[in-house]
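Before any comments, here is the structure.
Residue numbers (this note's numbering), protein chains in the order written: chain H, 38 to 307; chain S, 38 to 307.
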């Protein structure tokens, strides 16, 4: 049961479609009895770059500074900067994290990528033992909710931008599933800037309806960690074998040189 | 013939493997007679977030601020901030742009994504007429050169992180190919932090050898713009038909529901 929600929000303008989508999520989820917190990244002037300033006190190896290693140590010793620890506290509280943003260049806007790079700290959000289906946040849900500049047809396996499932894989698998989150299907608002006012309104009404049923949604499918050999990180032979006669690959990335499972990064149960 | 090179570089430490890879590129390309410019993003304290501060003077529609529209206008009217116009000037000069970075969370570090979001301005780097194979930078080359935290085997179609070709698609197609660049195969340094000193040295020697032959390299293959219908942005029926009997999809994203062409985002001629 989702009781506490964190919305990580990246748009510069309170008059934007993204702002309307965020406001609607706050409204509908609050009406469901949820507590909703918003990290409004531009309003917070959230620092995007991963730098030594994220660590209080001296670093262990200044000559060969490794952000990954030094922030792990700083986390363990309580020496991370406050803007990071504040976001950590929000994540710990949240049952569901919604990322609301305009897609920039087939990916997250830099300010939101900065939130990922800096807040999902080594040791806090993952470890060598806790990753993927055994990840730290396996009891939490998450979802992307974003606008595109291009029409839906352009993001298809025959469209000029290619299959949206491919574009979503590095984010939904490499960031969200990696940390163990149960990843709900993305909410994609296709090119609202090109749509008529009436159609934009319809998109938001569709979002309202979805939010009302969000508690019951099943997450996207990823492969359990124990399907992989613990030493080689390759799919175990028996799992591979079980899948040998199947038409499609297991996931977009772990495709076994077969056709990609259709819509697997966009719809639950695919 | 590459004569002028821009290296967009994102690492915090001059003692890092990424720094060594960058320094080696400067050395080898300079020895070939190239002029090499480096944008050292952390040293420049490069602003990552796309904000209204990127525009001098007043914006056209403050209530519904659109970064895409407002920066296009500011570009046309010479009202972009100086840190952006300086990078524009470097891009105009360059025959080849190398992006040197550690992969963060299956993608670009936020500071480098910020360079993409802010510097590849609407009207400067692309337009509705100039995109993909007709893109603005079609006479320029580019390449990614990056380190990973994971071993190569983990980024395969049977490995836990999935096929690296999938992870590279949004960047190499959605950013680089979108702007028209000829995209050279990525230089991937697999997990140097896990390697012995001798092996790291070997990786750099491999990079030296590759740089010495870089002028002769052919770019990766993408689909020409005129293979798509100009109105629907769908693959033209005759192109689709020509490909009907082929085993693999055309590209990772435009896969036609077939197996992905192996290594197409990692090796030229695939």
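From the three backbone atoms N, C-alpha and C, an ideal C-beta is built for every residue, glycine too.
Predicted model only: the values in this text are computed from it and were never measured.
As for any beta strand (DSSP E) of minimum length 3 sitting wholly inside the region 104-192 of chain S, the runs are 133-139 and 178-184, ordered along the chain. Residue pairing from DSSP places residue 77 of chain S in a beta bridge opposite S/46.
Check the Cα spacing between residue 141 of chain S and each of S/231, S/48 and S/199: the tightest is with S/48. Here DSSP, grouped into helix, strand and coil, assigns residue 248 of chain H to helix. Between residue 120 of chain S and the set S/155, S/101 and S/276, the nearest pair of CA atoms involves S/155. A contact between stretches requires three or more CB pairs, one per stretch, nearer than 8 Å, and the region 65-82 of chain H meets this requirement with the region 248-267 of chain H.
For chain S, the residues of the region 101-114 of chain H that bring a beta carbon within less than 9 Å of one of its beta carbons are 101, 102, 103, 104, 105 and 106, in chain order. Straight-line spacing of the CA atoms in residue 283 of chain H and residue 86 of chain S works out to 44 Å. Residues 89, 102 and 107 of the same chain have their beta carbon placed closer than 7 Å to that of residue 96 of chain H, with the five preceding and five following residues left out of the count. Counted as a single uninterrupted DSSP element, the stretch harbouring residue 54 of chain S is not any beta strand (DSSP E) but the alpha helix (DSSP H) occupying residues 54-68. Burial of residue 159 of chain S is indicated by the presence of at least 16 other C-beta atoms within 10 angstroms of its C-beta. Under the three-state reduction of DSSP, residue 212 of chain S is assigned to helix. In terms of Cα proximity to residue 82 of chain H, the closest of H/149, H/265 and H/171 is H/149. Taking C-beta atoms as the reference points, residue 229 of chain H and residue 54 of chain H count as a pair closer than 8 Å.
At a C-beta separation below 9 Å, residue 271 of chain H has these neighbours in chain S: 190, 191, 193, 195, 196 and 197.
Non-local C-beta neighbours of residue 75 of chain S in its own chain, meaning closer than 6 Å and more than five positions away in sequence, comprise 44 and 46, ordered along the chain. When Cβ-Cβ separations below 8 Å define contact, residue 154 of chain S makes contact with chain H.
At a Cβ-Cβ threshold of 8 Å, residue 259 of chain H and residue 210 of chain H count as neighbours. Segment contact: the region 259-276 of chain H against the region 227-243 of chain H, fewer than three CB-CB distances shorter than 8 Å; contact not assigned. With contacts defined by Cβ atoms closer than 8 Å, residue 182 of chain S and residue 198 of chain S do not form a contacting pair.
A direct Cα-to-Cα measurement between residue 235 of chain S and residue 58 of chain S gives close to 15 Å. Rounded to whole angstroms, the Cβ separation of residue 151 of chain S and residue 222 of chain H is 28 Å, and the two are not in contact under 8 Å.
In this structure, the beta-carbon distance from residue 190 of chain H to residue 271 of chain S falls below 8 Å. The beta carbon of residue 217 of chain S sits closer than 6 Å to those of 172, 173, 174 and 175, all from its chain and outside the five residues before and after it, given in chain order. The three-state secondary structure of residue 93 of chain H, taken from DSSP, is coil. At a cut-off of 8 Å between C-beta atoms, residue 49 of chain H counts as an interface residue with respect to chain S. When the five nearest sequence neighbours on each side are left out, the beta carbons in the same chain lying within less than 8 Å of the beta carbon of residue 50 of chain S are those of 56, in order along the chain. Relative to residue 168 of chain H, the option among H/131, H/125 and H/262 whose CA is nearest is H/262. For residue 267 of chain S, no beta strand (DSSP E) segment is defined, and its DSSP state is neither H nor E.
If you look at residue 302 of chain H, you'll find it isn't in any alpha helix (DSSP H); DSSP assigns it neither H nor E.
H/195 is the residue among H/195, H/145 and H/41 whose C-alpha sits nearest the C-alpha of residue 280 of chain S. In this chain, the beta strand (DSSP E) harbouring residue 224 of chain H covers 224-226. Along the region 200-220 of chain H, going in chain order, the ones with a CB nearer than 7 Å to a CB of chain S are 200, 203, 204, 206, 207, 210, 211 and 212.
Note: residue 220 of chain S is bridge-paired with S/179 in the DSSP secondary-structure output. Bounds of the alpha helix (DSSP H) holding residue 279 of chain H are 274-279. In the structure shown, residue 204 of chain S falls within a helical segment according to DSSP collapsed to helix, strand and coil.
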